[in-house]
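Participant: Before we start, here is the structure in question, set down as structure tokens.
2 protein chains.
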Amino acid sequence: MQKPYVIGVDIGAQTAKIGIVNVHGNVIEQTAIRSNSTADVEEFVDDLCEAIIKLLPEEISLKQIKAIGIGAPNANYYTGMIENASNLKWGSKTKQIPLVEMLSKKIDISSVMTNDANAAAIGEMTYGATKGMKNFIMITLGTGIGSGIVVDGRILYGHDGFAGELGHVTMVRGSNARLCNCGRTGCLETYASAIGVARSAREILETTDSKSLLRNLPVASITSKDVFEAAIKGDDIAKEIFNITGKILGEVFANFVAFSSPEAIVLFGGLTKAGNLIYKPIVEHLNLNLLPIWQGKIRVLLSKLKESNAAILGAGALAWGLQEIEN
Amino acid sequence: MQKPYVIGVDIGAQTAKIGIVNVHGNVIEQTAIRSNSTADVEEFVDDLCEAIIKLLPEEISLKQIKAIGIGAPNANYYTGMIENASNLKWGSKTKQIPLVEMLSKKIDISSVMTNDANAAAIGEMTYGATKGMKNFIMITLGTGIGSGIVVDGRILYGHDGFAGELGHVTMVRGSNARLCNCGRTGCLETYASAIGVARSAREILETTDSKSLLRNLPVASITSKDVFEAAIKGDDIAKEIFNITGKILGEVFANFVAFSSPEAIVLFGGLTKAGNLIYKPIVEHLNLNLLPIWQGKIRVLLSKLKESNAAILGAGALAWGLQEIEN
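Now the structure itself:
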């Protein structure tokens with residue numbers, strides 16, 4: 000029997016969003032639970048199963064669900080484990096959590112899991128800006144930077160399942176490089192994520208005397224949103240911060256292109272709300288840094304999926320792709 | 000009928016090497032022609048066909064040849080063209096040469112072509128150090144730096160066929176960055192190829208007063224081989240040059256791993272003859288720069304193929320993989 004629904008789950012540090020997705024890619028029911036209310040993963044899985052069962056409307060039974068697709072930080076597609084996820088309350092730097100196996104013990108539906116950025120890339124490829132594209136790179140510009148690399152229509156997982164950690168490509172070397180959460184220095188995400196933008200703002204405010212609307216705010220708590228709001232009011236420092244950020248992204252994207260020669264780079268996440276403030280310098284510096292064969296040929300796209308349900312759709316699309324091993 | 004032989008062709012700037020390869024991966028006959036004796040590609044293709052026919056021993060007929068595999072600079076696997084190859088006498092920065100099509104008009108055997116670094120990677124995967132590996136990166140450290148990226152057992156070609164230009168990843172930015180043949184500055188190959196090593200030597204000799212055996216040589220003509228010979232005699236400057244080169248390679252390899260998470264990085268080409276002088280700093284700085292999840296886990300291997308016939312074997316292996324469309 001062809002099963003007409005999948006469930007997409009998007010696990011983040013604060014919440015887990017759950018949606019029922021039909022064959023047309025519509026999220027027909029949606030809910031969310033807290034993912035940080037317990038440090039006990041068993042308890043979290045219980046909450047998740049309960050929420051899934053509750054979410055099913057009367058006319059849809061568990062038997063009509065083809066599979067559960069999950070997007071989660073540090074998730075490994077190959078092993079079905081969440082590995083070393085220090086940003087999840089029930090995870091840790093050293094823990095391996097067999098989430099797929101745990102779920103399958105509690106609920107009789109096949110599950111499949113990938114990391115959140117890969118889920119977003121699958122969603123984009125299935126329903127969004129890269130529909131039909133076989134080679135592209137998805138970059139999520141949020142608190143950190145995530146990436147999903149698509150090669151020949153499939154997510155690049157690499158030898159161990161962890162390919163596509165482009166937020167941790169080293170962009171700046173030497174003693175001035177910014178410290179990253181990963182323990183290393185100079186990672187792309189320390190410069191070009193939402194937090195990177197805020198750090199750039201603080202650096203400039205603390206090391207120069209330039210006038211800026213941002214000086215009206217307590218410097219320690221400046222966010223990328225504050226920088227955006229100052230920039231649209233015409234603040235030169237704020238605009239310059241987006242220029243610097245876009246330049247770094249354009250430069251590093253040129254290196255990514257030299258690696259996998261994608262048709263497009265798709266941007267997703269909070270920082271893309273800055274629109275042309277960041278988009279223009281990205282495209283400019285990408286083309287300044289590309290090998291001649293690629294200049295003017297690599298498209299930079301903005302995600303067409305709503306941030307609120309992109310990961311659910313992506314996780315759902317992953318579930319649709321799962322081989323039907325059950326009868 | 001199962002055809003028991005393929006022909007592997009390795010086109011370089013000076014010579015084209017041609018070999019007959021049997022099913023066991025042995026090069027049973029081998030020859031070479033000059034690839035720079037004419038600027039007319041028709042003439043070159045005539046020479047190539049003539050050499051192939053001549054190479055066949057009496058007991059092997061053209062009908063027993065399954066296919067011709069070709070490795071060439073700037074070759075595009077998708078289109079069968081050599082594109083913008085300014086280092087080939089009959090190529091140019093703007094010319095598109097349909098070599099596969101031209102060959103098929105003159106000789107009745109299917110042909111398939113890929114770039115030289117990809118051919119080396121295919122050879123390595125079929126017969127060499129990465130036999131059986133599904134995910135690795137081949138780096139050729141010659142006059143320039145080439146790369147062949149293998150993902151899930153297949154060469155990564157990308158959208159346009161030109162993926163894997165890792166020699167042109169930007170390593171140094173700013174006004175001090177070295178000028179590259181590609182017209183840009185700071186490319187990896189300006190630092191970590193044979194020519195990069197020679198440039199580093201000249202830079203150090205010209206900007207410091209340090210004692211070195213290399214000072215006995217005319218500075219303008221120093222080669223990477225000179226640096227190697229001084230290093231094995233214990234010359235500190237020469238050893239430091241290999242340390243610097245290995246450090247740059249280790250640093251950039253860590254970024255490559257963040258992209259495709261390979262099981263191994265395989266090194267091939269002239270510079271690998273420096274052995275531990277370059278191998279040790281590569282491994283050291285790779286591990287210093289990797290994300291914790293990969294530290295100590297990425298193998299750095301030296302090619303197991305003889306440089307003289309690696310590309311013939313690789314091109315041959317490409318030919319073996321060609322779908323048999325003829326009867």
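Protein chains in written order, with numbering that gives the first Met the number 0: chain G, 0 to 326; chain D, 0 to 326. Ideal placement from N, C-alpha and C gives every residue a C-beta, glycine not left out. Everything numeric in this text was worked out from a predicted model, so none of it was measured.
Cα-Cα, which of D:GLY185, D:SER91 and D:HIS167 is closest to SER174 (chain D)?
Facilitator: Along the second sequence, one-based indexing puts residue 174 (chain D) at 175. Ranking the options by Cα distance to SER174 (chain D), first place goes to D:GLY185.
Participant: Can you tell me which of G:ALA310, G:LEU155, G:LYS53 and G:ALA84 puts its alpha carbon nearest to the alpha carbon of CYS181 (chain G)?
Facilitator: Locating residue 181 (chain G) in the first sequence gives position 182, where the first residue counts as 1. Nearest option by C-alpha distance: G:ALA84.
Participant: Excluding sequence positions up to five away, which residues of its chain have a Cβ less than 7 Å from the Cβ of GLY79 (chain G)?
Facilitator: On the first sequence, residue 79 (chain G) is found 80 positions in, with the first residue counted as 1. Closer than 7 Å at the Cβ level, and outside the excluded window around GLY79 (chain G), lie PRO97, LEU98, VAL99, GLU100 and MET112.
Participant: Output, in sequence order along the chain, the residues in the segment 251–265 of chain G whose CB is closer than 8 Å to any CB in chain D.
Facilitator: From the segment 251–265 of chain G, only ALA253, ASN254, PHE255, ALA257, PHE258, SER259, SER260, PRO261 and GLU262 have a Cβ closer than 8 Å to chain D.
Participant: If you follow the beta strand (DSSP E) that ASN86 (chain D) is in, where does it begin and where does it stop?
Facilitator: Here residue 86 (chain D) refers to the residue found at position 87 when the second sequence is read from its first residue. No beta strand (DSSP E) holds ASN86 (chain D); DSSP gives it neither H nor E.
Participant: Tell me, to the nearest whole angstrom, how far the beta carbon of SER192 (chain G) is from that of LEU140 (chain G); I am working on the premise that it is less than 8 Å.
Facilitator: For the purposes of this step, residue 192 (chain G) is taken as residue 193 along the first sequence, with counting starting at 1. For the purposes of this step, residue 140 (chain G) is taken as residue 141 along the first sequence, with counting starting at 1. Their Cβ separation, rounded to whole angstroms, is 6 Å, which keeps SER192 (chain G) and LEU140 (chain G) in contact under 8 Å.
Participant: Compare the Cα-Cα distances from ASP45 (chain G) to each of G:ILE136, G:GLY268 and G:LYS104 and report the closest residue.
Facilitator: Numbered from its first residue, the first sequence carries residue 45 (chain G) at position 46. Measuring C-alpha to C-alpha distances from ASP45 (chain G) to each of G:ILE136, G:GLY268 and G:LYS104 identifies G:LYS104 as the nearest.
Participant: Looking at chain D, is there any beta carbon in it that lies within less than 8 Å of the beta carbon of PRO291 (chain G)?
Facilitator: In the first sequence, the residue the question calls residue 291 (chain G) occupies position 292. Yes, its Cβ sits closer than 8 Å to a Cβ of chain D.
Participant: Using a Cβ-Cβ cut-off of 8 Å, state whether LEU165 (chain G) counts as contacting chain D.
Facilitator: Mapped onto the first sequence, residue 165 (chain G) falls at position 166. Yes, LEU165 (chain G) lies at the interface with chain D (some Cβ there is under 8 Å from its Cβ).
Participant: Would VAL265 (chain G) pass as a contact of LEU187 (chain G) if the rule is Cβ separation under 8 Å?
Facilitator: Numbered from 1 along the first sequence, position 266 holds the residue referred to as residue 265 (chain G). Numbered from 1 along the first sequence, position 188 holds the residue referred to as residue 187 (chain G). Not closer than 8 Å, so no.
Participant: Would you please verify whether the beta carbon of VAL168 (chain G) is less than 8 Å from any beta carbon of chain D?
Facilitator: On the first sequence, position 169 is the one that residue 168 (chain G) refers to. Taking Cβ atoms only, chain D reaches closer than 8 Å to VAL168 (chain G), which makes this a yes.
Participant: Distance, Cα to Cα, ASN86 (chain G) vs ASP225 (chain D)?
Facilitator: Residue 86 (chain G) sits at position 87 when you count from the first residue of the first sequence. Residue 225 (chain D) sits at position 226 when you count from the first residue of the second sequence. Approximately 52 Å, taken between the alpha carbons.
Participant: Please report the Cβ distance between VAL149 (chain D) and PHE135 (chain D), rounded to the nearest whole angstrom; I am assuming they are in contact, meaning their Cβ atoms lie under 8 Å.
Facilitator: In the second sequence, residue 149 (chain D) corresponds to position 150, counting from 1. In the second sequence, residue 135 (chain D) corresponds to position 136, counting from 1. The pair is a contact, with the Cβ atoms about 5 Å apart (cut-off 8 Å).
Participant: Given a threshold of 16 other Cβ atoms within 10 Å of its Cβ, counted over all protein chains shown, does PRO280 (chain G) qualify as buried or as exposed?
Facilitator: Position 281 of the first sequence, counted from the first residue, corresponds to residue 280 (chain G). Per the 10 Å Cβ criterion, buried.
Participant: Which class does ASN117 (chain G) belong to by DSSP, given the choice of helix, strand or coil?
Facilitator: On the first sequence, position 118 is the one that residue 117 (chain G) refers to. Of the three classes helix, strand and coil, the one that applies to ASN117 (chain G) here is helix, per DSSP.
Participant: Which residues share a DSSP beta bridge with ARG201 (chain G)?
Facilitator: To locate residue 201 (chain G), count along the first sequence from 1; it is residue 202. Answer by DSSP bridge pairing: none, since ARG201 (chain G) is not bridged.
Participant: Three or more beta-carbon pairs under 8 Å between the segment 276–295 of chain D and the segment 242–256 of chain D, yes or no?
Facilitator: yes
Participant: DSSP three-state call for ILE27 (chain G): helix, strand or coil?
Facilitator: As a first step, residue 27 (chain G) must be located in the first sequence, where it is residue number 28. Three-state result, ILE27 (chain G): strand.
Participant: Check distances from the C-beta atoms of the segment 104–135 of chain D to those of chain G and list, in chain order, the residues that come in under 9 Å.
Facilitator: MET132, LYS133, ASN134 and PHE135
Participant: Within 8 Å (strictly less), CB to CB, does ALA176 (chain G) reach chain D?
Facilitator: The residue given as residue 176 (chain G) occupies position 177 in the first sequence. Not one chain D Cβ lies under 8 Å of ALA176 (chain G).
Participant: For ALA116 (chain D), which of D:TYR126, D:ASN73 and D:ILE108 has the nearest alpha-carbon?
Facilitator: On the second sequence, residue 116 (chain D) is found 117 positions in, with the first residue counted as 1. Of D:TYR126, D:ASN73 and D:ILE108, the residue nearest in Cα terms is D:ASN73.
Participant: By the DSSP assignment, the alpha helix (DSSP H) with ASN288 (chain G) in it spans what residues?
Facilitator: Stepping through the first sequence from its first residue, residue 288 (chain G) is reached at position 289. From DSSP, the alpha helix (DSSP H) with ASN288 (chain G) extends over 275–288.
Participant: Under the rule that 16 or more other beta-carbon atoms within 10 Å means buried, what is GLU325 (chain G), buried or exposed?
Facilitator: As a position in the first sequence, residue 325 (chain G) is number 326, starting the count at 1. Bear in mind that a pLDDT of 37 at GLU325 (chain G), under 50, signals an unreliable position, so the number given afterwards is only what the model happens to contain. So GLU325 (chain G) ends up on the exposed side.
Participant: Take ILE17 (chain G) as the anchor and find which of G:SER307, G:TRP319 and G:GLY320 has the nearest alpha-carbon.
Facilitator: On the first sequence, residue 17 (chain G) is found 18 positions in, with the first residue counted as 1. It is G:SER307 whose Cα lies nearest to the Cα of ILE17 (chain G).
Participant: Helix, strand or coil for ARG298 (chain D)? Go by DSSP, reduced to three states.
Facilitator: Within the second sequence, residue 298 (chain D) is the residue found at index 299, counting from 1. Note: ARG298 (chain D) maps to strand in three-state DSSP.
Participant: Who are the Cβ neighbours of SER146 (chain G) in its own chain at under 6 Å, not counting the five residues just before and after it?
Facilitator: By 1-based counting over the first sequence, the position of residue 146 (chain G) is 147. Hits under 6 Å: ALA116, ILE138, GLY163 and LEU165.
Participant: Let me know the alpha helix (DSSP H) ranges lying completely inside the segment 141–201 of chain G, each 4 residues or longer, listed in chain order.
Facilitator: 188–191
Participant: Could you please give the first and the last residue of the uninterrupted alpha helix (DSSP H) stretch that includes LEU98 (chain G)?
Facilitator: Here residue 98 (chain G) is taken as the residue at index 99 of the first sequence, counted from 1. Element bounds for LEU98 (chain G): 98–105.
Participant: Whose CA, out of G:ALA314, G:GLU42, G:GLU205 and G:SER223, lies closest to the CA of PHE241 (chain G)?
Facilitator: As a first step, residue 241 (chain G) must be located in the first sequence, where it is residue number 242. The residue with the shortest Cα to Cα distance from PHE241 (chain G) is G:SER223.
Participant: Closer than 7 Å by beta-carbon distance: list the chain G residues that pair up with VAL150 (chain D), in chain order.
Facilitator: Start at 1 with the first residue of the second sequence, and residue 150 (chain D) comes out as number 151. Within 7 Å Cβ-Cβ: VAL150 and LEU155.
Participant: Buried or exposed, going by whether 16 or more other CB atoms sit within 10 Å of the CB of VAL22 (chain D)?
Facilitator: Position 23 of the second sequence, counting from 1, holds the residue named residue 22 (chain D). Flag for VAL22 (chain D) reads exposed.
Participant: Locate the beta strand (DSSP E) running through LEU266 (chain G), then write down its first and last residues.
Facilitator: For the purposes of this step, residue 266 (chain G) is taken as the residue at position 267 of the first sequence. Per DSSP, LEU266 (chain G) belongs to the beta strand (DSSP E) from 263–267.
Participant: When DSSP labels each residue in this structure, what does THR139 (chain G) get in the three-state scheme?
Facilitator: By one-based count along the first sequence, residue 139 (chain G) stands at place 140. When DSSP states are grouped into helix, strand and coil, THR139 (chain G) belongs to the strand group.
Participant: Listing by chain order, which chain G residues have their CB less than 9 Å from the CB of ALA162 (chain D)?
Facilitator: Locating residue 162 (chain D) in the second sequence gives position 163, where the first residue counts as 1. Residues of chain G passing the Cβ test: ASN134, VAL150, VAL256, ALA257, PHE258, SER259, SER260 and PRO261.
Participant: Using CA atoms only, rank isn't needed, just tell me which of G:GLY195, G:ARG172 and G:GLU283 is closest to ALA253 (chain G).
Facilitator: What you label residue 253 (chain G) is simply residue 254 of the first sequence in a count that begins at 1. The candidate whose alpha carbon is nearest that of ALA253 (chain G) is G:GLU283.
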